Amino acid sequence: MSNLVRFGISLDRDLLETFDERIRKKKYTNRSEAIRDLIREDLLRQDWREGETVAAAITMVYDHHQRGLVASLMDIQHDYHHAIISSQHVHLDHHNCLEIIVAKGTAEVLEELHGRLKAQKGVFHVGLAIASAMDDEGEHHH
Ligand code: NI
Numbered sequence: 001m002s003n004l005v006r007f008g009i010s011l012d013r014d015l016l017e018t019f020d021e022r023i024r025k026k027k028y029t030n031r032s033e034a035i036r037d038l039i040r041e042d043l044l045r046q047d048w049r050e051g052e053t054v055a056a057a058i059t060m061v062y063d064h065h066q067r068g069l070v071a072s073l074m075d076i077q078h079d080y081h082h083a084i085i086s087s088q089h090v091h092l093d094h095h096n097c098l099e100i101i102v103a104k105g106t107a108e109v110l111e112e113l114h115g116r117l118k119a120q121k122g123v124f125h126v127g128l129a130i131a132s133a134m135d136d137e138g139e140h141h142h
């Protein structure tokens, strides 16, 4: 890679040992990759805080036999049609459904959607994972 830059980092020995222990547990093959991921995560959190548009995945597990729940979840998703890109529904077993919603928006909008889904009775778990930062043209950066 022509854009690759090498630089040295001075670090306290104890801190480095703790870091090496952590990256071993996470199965990183080298320190550079672990440090790159930390930097990317930090930049992404910063975009999130600054109200930039990010892409995210919302996963939820719920009991579709809960009275009125499927209709409520559908109503909520329609309220956020401008943010939701796609959703996938998996019938896990006789009772439970898993839904994966891919959405794009600001932290405020995505957290609000997440919160409303989570508040419904019969919903067991709702996760929100930020996938990537986007700029105004929808271009992916870092
Ligand atoms: Ni289902």
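According to the UniProt record's numbering, the stretch in the sequence shown is residues 1 to 142, in order. For glycine and all other residues, C-beta sits at the position ideal for the given N, C-alpha and C. What you are looking at is a predicted structure, and each value in this text was computed from that prediction instead of being measured.
Identity of the residues DSSP links to N96 by a beta bridge: Looking at the DSSP output, N96 bridges to D63.
How would the residue list near the ligand FMN read, in chain order, if you kept each one whose beta-carbon is closer than 6 Å to any heavy atom? In the structure shown, the ligand FMN is absent; the only ligands present are the ligand NI.
Between V54 and I130, which are expected to be in contact by the criterion C-beta below 8 Å, what is the C-beta distance as a whole number of angstroms? A Cβ-Cβ separation of about 5 Å places V54 in contact with I130 under the 8 Å criterion.
When we look at the beta-carbon of I101 and count the other beta-carbons within 10 Å, is it buried (16 or more) or exposed? Burial call: buried.
Contact under 8 Å by Cβ, M23 with L117: In the sequence under discussion, the amino acid at residue 23 is Ile, which differs from the Met named in the question. Judged by their CB atoms, I23 and L117 are not nearer to each other than the 8 Å cut-off.
Using three-state DSSP, classify residue 202 as helix, strand or coil. In the structure as shown, the chain starts at 1 and stops at 142, and residue 202 therefore has no counterpart that could be examined.
Nearest-angstrom Cα separation, counted from K26 out to D20: The straight-line gap from Cα to Cα measures roughly 10 Å.
Under three-state DSSP, which class holds A119? Residue state, collapsed to three classes: coil.
Delimiting residues of the beta strand (DSSP E) encompassing H91: I84 to H91 is the extent of the beta strand (DSSP E) around H91.
Going by C-alpha distance, which of D93, E52, L113 and S32 is nearest F7? The shortest Cα separation from F7 among D93, E52, L113 and S32 belongs to S32.
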